[in-house]
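Engineer: In my numbering, the protein residues as written are 3 to 436.
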Amino acid sequence: MNIAVLGAQWGDEGKGKIVDLLTPNFSIVARYQGGHNAGHTVYVNRRKFVLRLLPSGILHDGITCVIGNGVVVDPQALFAEIDELKKAGIAIGDRLVISDKAHLILPYHRELDLLSEARRGERKIGTTSRGIGPAYEDKIARRGVRVGDLANTGSLAEAVRHNVDARNRIIAESKMDAEQVLADLAAFWKRMGPWVTDVSLFLARARAARRSIMFEGAQGTLLDIDHGTYPYVTSSNATTGGVCTGLGIPPRAIDGVIGVAKAYTTRVGEGPLPTELTGEIGNRLRESGQEFGAVTGRPRRCGWYDAVAVRYAVRVNGLDALALTKLDVLDGMRELQICTSYRCNGATLTEFPGEIAQLAACEPVYESVPGWTSPTAGVRRFADLPRDAQRYIARLEELTGVPAAILSTGSGREDTIIREDSVASRWGLELITA
Ligand code: GDP
Ligand code: IMO
Ligand code: MG
3 MNIAVLGAQW
13 GDEGKGKIVD
23 LLTPNFSIVA
33 RYQGGHNAGH
43 TVYVNRRKFV
53 LRLLPSGILH
63 DGITCVIGNG
73 VVVDPQALFA
83 EIDELKKAGI
93 AIGDRLVISD
103 KAHLILPYHR
113 ELDLLSEARR
123 GERKIGTTSR
133 GIGPAYEDKI
143 ARRGVRVGDL
153 ANTGSLAEAV
163 RHNVDARNRI
173 IAESKMDAEQ
183 VLADLAAFWK
193 RMGPWVTDVS
203 LFLARARAAR
213 RSIMFEGAQG
223 TLLDIDHGTY
233 PYVTSSNATT
243 GGVCTGLGIP
253 PRAIDGVIGV
263 AKAYTTRVGE
273 GPLPTELTGE
283 IGNRLRESGQ
293 EFGAVTGRPR
303 RCGWYDAVAV
313 RYAVRVNGLD
323 ALALTKLDVL
333 DGMRELQICT
343 SYRCNGATLT
353 EFPGEIAQLA
363 ACEPVYESVP
373 GWTSPTAGVR
383 RFADLPRDAQ
393 RYIARLEELT
403 GVPAAILSTG
413 SGREDTIIRE
423 DSVASRWGLE
433 LITA
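Structure, rendered in structure tokens:
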């Protein structure tokens, strides 16, 4: 069984937690897009880890982790992450595989990210300023530098000198030294080389040997470059299609897709968020959900669950099930709202609009449902959830058309319910915490 786990909202849905806890069911965990703009938080015995570039399966012994060609790799960020894990007693050894076709984020990409945001002024995206967009721009413009290029010092030097020179002309105050960039890259290659290979071939052989793979998405459906709330998106395909292009695997290699969604909604950065709550309830969600960015520390915008948006994610990704996270954050709220459709210029919309101006004009139409007083926090059996929490989950399933096969009631591995008789248990997924 090869399963994709990806974001069904605007990112930060709890993908890291879900991927980590499902990892013992697999042999390989593979990232297919994004870069160190991702921040995937995993708690192991109350100890916090934030994975950025490394797949969230890395904390488990014996698991091979793959960084696919669809990912953009900042070598400095990669080694900082590896060193941090090493300090925490997690050895990478030969458990990492990096695609020779993955593009590199170089120092000038970070500068260009900041510059581009400053130039956009009011229309800024609110990026993570990690150089993600500019690195993907170079990839599409066919002037990028790929991991595999590091092996060929002659052509690498030519490309880097050319690119640095071009950037120095765009950024007047930039005096980046191409020779320094090349010296750093040579050092990175020494360390990275042994992990670099043809990932498509590696995964084909793994599949032939019946090793199972989990595909880990970064960001979320509504931040997807094509299907998200363009232009307020990231620069890669976070949706299911990205799995194939970002790893070089055929569509039939994906046996199932799990969308991770919070029991409410958050977004970090700019762009429309129809169910956003700017008042007291929004603050309450932010405080109890600890909604501050794992990468940038920025406060996340919070709102009610948006069933229109998640239903859209179900369609675009072909989700088989949802992993519904952070139910416990709603504990103690007397009444909850669920957005079931939008009102837009006098019309009712039940499908997520593809155009940003239309989305910005949308007002959520809410259905009120009762909250619950006894806590869901830490509950590990569906039957032990308060009745109103069970009803809330059932209503979300009805509105999105897919089962909530996995429920999360806290940040720890154990605070999870994999529902019996659900598609997840039919796939043989178990909660293995030992
Ligand atoms: P990701 O980017 O999708 O991996 O999500 P983030 O790690 O950026 O943000 C999710 C945050 O919610 C992290 O701090 C998690 O530890 C936390 N989290 C995940 N699931 C739950 C849950 O069920 N309840 C609570 N209270 N926190 C959770
Ligand atoms: P994970 O994997 C939430 C947002 C940024 C910004 C937009 C573009 O942890 O869910 P970028 O730096 O990618 O060019 O920024 O996308 N963004 C995320 N929001 N979670 C993420 O990752 C994000 N990665 C990027 O805030 O709005
Ligand atoms: Mg995150």
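Note that beta-carbon positions come from the ideal geometry of N, C-alpha and C, so glycine has one too.
1. Quick check: what's the CA-CA separation for Ala206 versus Ile251?
2. Considering only DSSP beta bridges, list what Phe51 is partnered with.
3. Mind checking if Arg393 is an interface residue toward chain C, Cβ cutoff 8 Å exclusive?
4. Measure the Cβ-Cβ separation of Asp22 and Leu61 and say whether it is below 8 Å.
5. With a 10 Å radius around its C-beta and 16 neighbouring C-beta atoms as the bar for buried, classify Gly420 as buried or exposed.
6. If the criterion is Cβ atoms closer than 8 Å, does the pair Val99 and Phe204 meet it?
7. Please enumerate, following chain order, all residues with a beta carbon closer than 5 Å to at least one heavy atom belonging to the ligand MG.
8. Threshold first: 4 residues or longer. Then list the alpha helix (DSSP H) segments lying entirely within the region 152-234, N to C.
9. Indicate, with yes or no, if the ligand GDP has a heavy atom lying under 7 Å from the CB of Ser410.
10. Do Thr402 and Arg302 have their CB atoms nearer than 8 Å?
11. Report whether the distance from the Cβ of Arg288 to the nearest heavy atom of the ligand IMO is below 7 Å.
12. Could you compute how far the alpha carbon of Pro57 sits from the alpha carbon of Gly334?
13. Please find out if some non-hydrogen atom of the ligand GTP comes closer than 7 Å to the beta-carbon of Lys126.
14. So, are the CB atoms of Ala40 and Val262 less than 8 Å apart?
15. May I ask you to report which of helix, strand or coil DSSP gives Lys126?
16. If we count the other Cβ atoms within 10 Å of its Cβ and call it buried at 16 or more, is Arg389 buried or exposed?
17. Tell me, please, which residues DSSP counts as bridged to Glu365.
18. Once DSSP output is grouped into helix, strand and coil, what is the label at Val270?
19. Which one of Leu55, Ala426, Trp197 and Val404 has the shortest CA to CA distance from Asp102?
20. Just to confirm my understanding: we take Phe294, look at its own chain, exclude 5 residues before and 5 after, and list those with CB closer than 8 Å. What are they?
21. Check Tyr34 in the structure and name its three-state DSSP category.
22. Indicate, with yes or no, if the ligand GDP has a heavy atom lying under 7 Å from the CB of Val312.
23. Let me make sure I understand the geometry here. Which of Pro355, His111 and Arg171 has the alpha-carbon closest to that of Gly230?
24. Return the bridge partner residues of Thr350 from the DSSP annotation.
25. Which of the three DSSP states, helix, strand or coil, is assigned to Pro372?
26. State the Cα-Cα distance for the pair Ala240 and Arg254, rounded to the nearest angstrom.
27. Can you round the beta-carbon distance between Lys19 and Thr327 to whole angstroms, since I take them to be within the 8 Å contact cut?
28. Within this structure, are the beta carbons of Ile260 and Trp306 separated by less than 8 Å?
29. What number of angstroms, rounded off, separates the C-alpha of Thr411 from the C-alpha of Asp386?
30. Below 7 Å CB to CB, which residues in the same chain sit around Pro377 once its five sequence neighbours on both sides are set aside?
31. Kindly examine the ligand GDP and report whether one of its heavy atoms sits closer than 7 Å to the Cβ of Leu329.
32. Exposed or buried, Arg415, counting other C-beta atoms within 10 Å across all chains shown (16 or more means buried)?
33. May I ask which residues mark the beginning and end of the beta strand (DSSP E) holding Thr437?
34. Using a 10 Å radius around the Cβ and a threshold of 16 neighbouring Cβ atoms, would you call Lys89 buried or exposed?
35. Indicate the three-state DSSP secondary structure (helix, strand or coil) for Ser410 in the structure shown.
36. Is there contact between the region 23-37 and the region 241-248, where contact requires at least three CB pairs shorter than 8 Å?
Structural biologist: Quick look at the numbers:
1. On the sequence shown, residue 206 is found 204 positions in, with the first residue counted as 1. On the sequence shown, residue 251 is found 249 positions in, with the first residue counted as 1. Near 7 Å, if we compare the C-alpha coordinates of Ile251 and Ala206.
2. Taking the sequence shown and counting its residues from 1, the one referred to as residue 51 is at position 49. Answer is Val44.
3. Among the protein chains of the structure shown there is no chain C, as only one such chain exists.
4. Position 20 of the sequence shown holds residue 22. Position 59 of the sequence shown holds residue 61. A contact, by the Cβ cut-off of 8 Å.
5. What you label residue 420 is simply residue 418 of the sequence shown in a count that begins at 1. The question names Gly, but residue 420 is Ile in the sequence shown. Buried is the call here.
6. For the purposes of this step, residue 99 is taken as residue 97 along the sequence shown, with counting starting at 1. For the purposes of this step, residue 204 is taken as residue 202 along the sequence shown, with counting starting at 1. Contact check for Val99 against Phe204 passes: the beta carbons are separated by less than 8 Å.
7. That query returns the following residues: Asp14, Gly41 and Ala296.
8. 155-172, 180-194 and 201-210
9. Stepping through the sequence shown from its first residue, residue 410 is reached at position 408. Yes, the Cβ of Ser410 comes within 7 Å of a heavy atom of the ligand GDP.
10. Taking the first residue of the sequence shown as 1, we reach residue 402 at position 400. Taking the first residue of the sequence shown as 1, we reach residue 302 at position 300. Contact: no.
11. Within the sequence shown, the letter at position 286 stands for residue 288. No.
12. For the purposes of this step, residue 57 is identified with residue 55 of the sequence shown, where counting begins at 1. For the purposes of this step, residue 334 is identified with residue 332 of the sequence shown, where counting begins at 1. Computed Cα separation, rounded: 34 Å.
13. Only the ligand GDP, the ligand IMO and the ligand MG can be found as ligands here, which leaves the ligand GTP out of the picture.
14. Here residue 40 corresponds to residue number 38 of the sequence shown, with the count starting at 1. Here residue 262 corresponds to residue number 260 of the sequence shown, with the count starting at 1. No, Cβ-Cβ distance for Ala40 and Val262 is not below 8 Å.
15. Working through the sequence shown from its first residue, we reach residue 126 at position 124. If DSSP states are grouped into helix, strand and coil, Lys126 belongs with coil.
16. Numbered from its first residue, the sequence shown carries residue 389 at position 387. Its Cβ having fewer than 16 others within 10 Å, Arg389 is exposed.
17. Here residue 365 corresponds to residue number 363 of the sequence shown, with the count starting at 1. Partner(s): Arg345.
18. Here residue 270 is taken as the residue at index 268 of the sequence shown, counted from 1. Coil.
19. To locate residue 102, count along the sequence shown from 1; it is residue 100. Ranking Leu55, Ala426, Trp197 and Val404 by Cα distance to Asp102 puts Trp197 first.
20. Taking the sequence shown and counting its residues from 1, the one referred to as residue 294 is at position 292. Correct list, in chain order: Arg288, Arg300, Pro301 and Arg302.
21. Counted from its first residue, the sequence shown places residue 34 at position 32. In the three-state scheme derived from DSSP, where H, G and I count as helix and E and B as strand, Tyr34 is classed as coil.
22. One-based indexing of the sequence shown puts residue 312 at position 310. Relative to the ligand GDP, even the nearest heavy atom lies 7 Å or more away from the CB of Val312.
23. Translated into the one-based positions of the sequence shown, residue 230 becomes position 228. Looking at the Cα atoms, Pro355 is the closest of the given residues.
24. The residue labelled residue 350 in the question sits at position 348 within the sequence shown. Paired residues: Arg345.
25. To locate residue 372, count along the sequence shown from 1; it is residue 370. Three-state result, Pro372: strand.
26. Within the sequence shown, the letter at position 238 stands for residue 240. Within the sequence shown, the letter at position 252 stands for residue 254. Cα-Cα distance, rounded: 18 Å.
27. Locating residue 19 in the sequence shown gives position 17, counting from the first residue. Locating residue 327 in the sequence shown gives position 325, counting from the first residue. About 7 Å separates the two Cβ atoms, so the contact holds.
28. What you label residue 260 is simply residue 258 of the sequence shown in a count that begins at 1. What you label residue 306 is simply residue 304 of the sequence shown in a count that begins at 1. Taking a C-beta distance under 8 Å as the contact criterion, Ile260 and Trp306 do not qualify as a contact pair.
29. The residue given as residue 411 occupies position 409 in the sequence shown. The residue given as residue 386 occupies position 384 in the sequence shown. Rounded to the nearest angstrom, the gap between the Cα atoms of Thr411 and Asp386 is 12 Å.
30. Within the sequence shown, residue 377 is the residue found at index 375, counting from 1. Cβ neighbours of Pro377 beyond the five flanking positions: Asp330 and Asp333.
31. Counting from one through the sequence shown, the residue named residue 329 turns up at place 327. Yes.
32. Residue numbering aside, residue 415 sits at position 413 when the sequence shown is read from its first letter. By the neighbour-count rule (16 or more Cβ atoms within 10 Å), Arg415 is buried.
33. Because the chain in this structure spans residues 3 to 436, residue 437 falls outside the shown range and cannot be described.
34. Your numbering for residue 89 matches position 87 in the sequence shown. Exposed, because fewer than 16 other Cβ atoms sit within 10 Å of the Cβ of Lys89.
35. Mapped onto the sequence shown, residue 410 falls at position 408. Ser410: strand per DSSP, three-state reduction.
36. yes
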